[in-house]
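Worksheet: the structure to be examined is printed underneath.
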Amino acid sequence: MCGINGFILQNPQIVDPGIIRAMNRSLLHRGPDEEGIYEKRNVTLGMRRLKIIDMATGQQPIYNEDRSIVTVFNGEIYNYKELRKDLEAKGHRFITQSDTEVIVHQYEEVGDRCVEYFRGMFAFAIWDDKKRRLIIARDRLGIKQIYYYHDDNKFIFSSEIKGIFNFPNIEKKMDPTSLSDYFSFLYVPSPKTIYSNILQIPAGHLLIYSNGNIELRKYWDVEYREEKVRKEEEYIEELLDLLKEAVRLRLISDVPLGAFLSGGVDSGIIVALMSQMMGLPAETFSIGYPAGSETYDERKYAKAVSEQYNTHHHEFVVKHDIADVTEKIIPYFDQPFADASAIPNYYLCKETKNYVTVALSGLGGDELAGGYERYLGYIIGDHYQALPDGLIKGIIPSIIRRVPDSRKGNHFIRRLKKFVEVEYLGEEDRYFNLIAKYGELEKRNLFLPDILETIGSYKSCKVFSNYLENTENMNPLDKVLYLDLKTYLVDDLLVLTDRMSMAHSLEARVPFLDHKLVEFFATLPPSIKIRGWKKKYILKKVAERYLPKDTIYRPKMGFSVPLVLWFRENLQEYVREVLSDSMLSEIGMFNKQYINSIVERHLSAADNYDEKIWSIIVFVLWYKKTFLRH
942 MCGINGFILQ NPQIVDPGII RAMNRSLLHR GPDEEGIYEK RNVTLGMRRL KIIDMATGQQ
1002 PIYNEDRSIV TVFNGEIYNY KELRKDLEAK GHRFITQSDT EVIVHQYEEV GDRCVEYFRG
1062 MFAFAIWDDK KRRLIIARDR LGIKQIYYYH DDNKFIFSSE IKGIFNFPNI EKKMDPTSLS
1122 DYFSFLYVPS PKTIYSNILQ IPAGHLLIYS NGNIELRKYW DVEYREEKVR KEEEYIEELL
1182 DLLKEAVRLR LISDVPLGAF LSGGVDSGII VALMSQMMGL PAETFSIGYP AGSETYDERK
1242 YAKAVSEQYN THHHEFVVKH DIADVTEKII PYFDQPFADA SAIPNYYLCK ETKNYVTVAL
1302 SGLGGDELAG GYERYLGYII GDHYQALPDG LIKGIIPSII RRVPDSRKGN HFIRRLKKFV
1362 EVEYLGEEDR YFNLIAKYGE LEKRNLFLPD ILETIGSYKS CKVFSNYLEN TENMNPLDKV
1422 LYLDLKTYLV DDLLVLTDRM SMAHSLEARV PFLDHKLVEF FATLPPSIKI RGWKKKYILK
1482 KVAERYLPKD TIYRPKMGFS VPLVLWFREN LQEYVREVLS DSMLSEIGMF NKQYINSIVE
1542 RHLSAADNYD EKIWSIIVFV LWYKKTFLRH
């Protein structure tokens, strides 16, 4: 695992070697073990390395035989041994034992199609000196991120936005549409960033830079299609075989490894399989909360799995006082990011790094197998829309609105209210409003008029437009699974996992996002993913072979944070301090009356606005660090 940087200048000039070193230093947390630099004429590549495979000879940059092709690489290619064997048989000569070296030789062999051969998580750059072209690739699911800046004179790329801003004189220009997106989703959806002049390479894409021009090329997408219906047991056996293979590949390491164990189905299956394969007790890691937050604490379920598989289990407790850790977390994202589960992830990764350098995660199971309540809501919505207009637009919403929200943070009532408010809308608006933290009307209350003017007619639901074009022939469940795979998973969960693990120089691996496993799930009929009210049906059937039933069939808790309670208890003063009138006035973007209103209603337990308040807090702190610097 590493951090990579680079730039190409169109006008030949003497390049200050301090630039790439500064870019590399900004990514030191991603690769504390080694630095590598390539400089030739107007091309400069750099990297910081975290040693995982080939400790002795895997230094980057890595070249082909005549040094005309060079690469810097972030990630892991799990099938590199098989690729190497085939390439050596074709006459390619290797000088290292690393997975990185297969990149240059596979490129020699098949050109840009090399990326199709790699099974893993990656973002890499190849400079082809003979053809004078740069190729940057991002893995199929977007597990690793890569950002870029382009103008008439230069092209700059980096694993994190901060790397780009370490190039001189790159202006920080906020994109108003990305601002709007952030408050809807709590993250900025790719390919955009919060900055109008910096973009992401989308998942499953190549970027080719040549003669000052950029070409983006898609090389992979998941195709949801139902194959001939088979017996349930056949699905289970094939899924299990693919899961075993995905876990086995991710046990390849020259450094100690373990697993995150949340107490849920997905992480439990991963721990069960890796324990059996390793033949020795695995290191497992869980997070919990102090007394009073039991609704959010899954440690007893994690402990049950640990005891079953005799793991060396480690538990850590997240404290109420999150002010300091929030200040630490924000710079790692480089842009506003308000998924509050970053907090327990930060603590978990920090403590895990004391024991191992690689940790397997159960991330992805929900998005593949249908694990969220909103998936049920979307399916039910198709039937709900068949009811008379008077019911779905009048009587039912008016009744549900009168039901008070939970004082303890249970989100069911909130979700039910949102459901009845949006289910009569069109497809695009319906799913957007089902998941949005701020709808378009709410944002009109949040922002001042001049900010609304800069946003103009833009609507954040348009984030889904391009993806929905690919879903015309899909059933309702597969449609929303596809949307989440392209948005929520890649831009929230995977960014969170990458940043919080890399903050502590810890590599996180995600077996469920093996692309062969993803492709298999896409062929399953909806009834094998969600059956009746049973979410993740097939995955739970697999889990029955490995986990206690009370672990499998308990209510889903998720990796969430009891902000609703903490804001009302220990953090009241913190909330009021960060969202003070003076600070909001200095930023000059928000309606202070509206923010004061939702804060007071939340603190008095009249309503629950925890996610809305948190999104504003994170933005204020990010903006202060980025633009005010005091």
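Using my numbering, read the sequence shown as starting at 942 and increasing by one per residue.
Even for Gly, the Cβ is constructed at its ideal location relative to N, Cα and C.
Distance cut-off 7 Å: residue i Cβ against heavy atoms of the ligand GDP
i	result
Y1408	The ligand GDP is absent from the structure shown, which contains no ligands of any kind.
CB contact check: residue i to chain B, cutoff 8 Å
i	result
D1548	Considering every chain present, this structure includes no chain B. It has just one protein chain.
Residue i burial status per 10 Å Cβ neighbour count (16 or more: buried)
i	result
S1406	exposed
Q1276	buried
W1474	exposed
K1085	buried
G1052	exposed
D1551	buried
N1154	exposed
L1214	buried
V1129	buried
D1069	buried
R1054	exposed
Proximity of residue i and residue j at Cβ, strictly below 8 Å
i	j	result
Y1287	V1266	yes
M964	F1063	no
K1031	E1050	yes
Q1038	D995	yes
R1483	L1181	With the sequence shown as reference, residue 1483 is identified as Val, and Arg is not the correct amino acid for it. Contact flag set, yes.
H1254	K1244	yes
N946	N1094	no
D1425	Y1165	no
I1124	K1533	One detail in the question is off: residue 1124 reads as Phe in this sequence, not Ile. In this structure, K1533 does not lie closer than 8 Å to F1124 by Cβ.
V1572	V1561	What is shown of the chain runs 942 to 1571, which leaves residue 1572 out entirely.
T1395	E1168	no
A1264	L1127	no
I1097	F948	yes
G897	V1206	This structure does not reach residue 897, given that the chain is present from 942 up to 1571, and the question cannot be answered.
S1446	S1121	no
Coil, strand or helix - residue i by DSSP
i	result
Y1365	With a pLDDT of 48 at Y1365, under the threshold of 50, the predicted position of this residue should be treated as unreliable, though the coordinate-derived value follows. Y1365: coil per DSSP, three-state reduction.
A1639	Here the chain comprises residues numbered 942 to 1571, so residue 1639 is not present and cannot be evaluated.
M1415	coil
V1297	coil
E1381	helix
E1256	strand
E1168	coil
N1154	strand
Q1141	strand
M1115	strand
F1278	coil
N1511	coil
K1133	strand
F1108	coil
T1225	strand
I955	coil
N1251	coil
K1565	helix
S1545	coil
G944	strand
K1553	helix
Y1128	coil
Y1429	helix
Option nearest residue i by Cα separation, candidates the options
i	options	result
R971	R1189, L1180 and V1299	V1299
H1543	E1527, S1526 and R1517	R1517
G1318	V1421, S1401 and I1228	V1421
E1580	D1548, F1568 and F1462	Because the chain here runs from 942 to 1571, residue 1580 falls outside it and cannot be looked at.
N1015	R1025, K1533, L1512 and R990	R990
A1078	E1541, Y1088, D1116 and E1256	Y1088
I1191	M942, I1557 and E1017	Before going on, a small fix: residue 1191 reads as Arg here, not Ile. Measuring from the Cα of R1191, the nearest candidate turns out to be E1017.
I1149	E1112, Y1230, A1066 and A1223	A1066
I1557	N1138, K1378 and E1042	K1378
E1308	E1186, P1503, Y1423 and R1074	Y1423
K1553	V1013, I960, I1193 and I1536	I1536
Q1141	V1196, Y1176, N1152 and G1083	G1083
N1138	R1158, K1159, Y1408 and D1116	D1116
K1291	A997, G1311, Y1230 and I1270	I1270
Alpha helix (DSSP H) segments (min. 4 residues) lying fully within the segment 1009 to 1058: 1021 to 1030 and 1042 to 1051
- prompt: Quick one: complete beta strand (DSSP E) runs, 3+ long, within the segment 962 to 1005?
  reply: 975 to 981 and 984 to 990
message: Just to confirm the assignment: which complete beta strand (DSSP E) runs, minimum length 3, are found wholly within the segment 1054 to 1086?
response: 1061 to 1069 and 1074 to 1079
field: Entirely enclosed alpha helix (DSSP H) segments - the segment 1446 to 1472, minimum 4 residues
entry: 1456 to 1462 and 1467 to 1470
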